[in-house]
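Numbering (our numbering), first residue to last: -12 to 98.
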């Protein structure tokens, strides 16, 4: 079982991320130069945390993505997914089974 989006949001805030934008589909969080999204539609939490695609390789040292990518027109801080005709942005989704695992991941990825 994965952490739900609201649980992921609480861990991000505890780690020093600040809410930048709230939409019906996402929470956008910023800390310094880093930006992540919480996928509010991830009811079971499998794709609750979405990171910038340029961090994919580095991230694999600490956690496996739950799928290759996640597209959404609300991920404005991320690049457009050019393989689609839709004007959607994309990121790399992750799910975490515990707060401790997510805290460790955030510390490893974002200091």
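C-beta atoms are modelled at their ideal positions from N, C-alpha and C, and glycine is treated no differently.
Distance from the CA of residue 94 to the CA of residue 0, rounded to the nearest whole angstrom, comes to 13 Å.
Annotation for residue -6: the continuous alpha helix (DSSP H) segment containing it runs -8 to 1.
The beta carbons of residue 22 and residue 6 sit no closer together than 8 Å. The Cβ atoms of residue 62 and residue 76 sit closer than 8 Å to each other. Put simply, of 11, 49, 74, 18 the residue whose alpha carbon is nearest the alpha carbon of residue 3 is 18.
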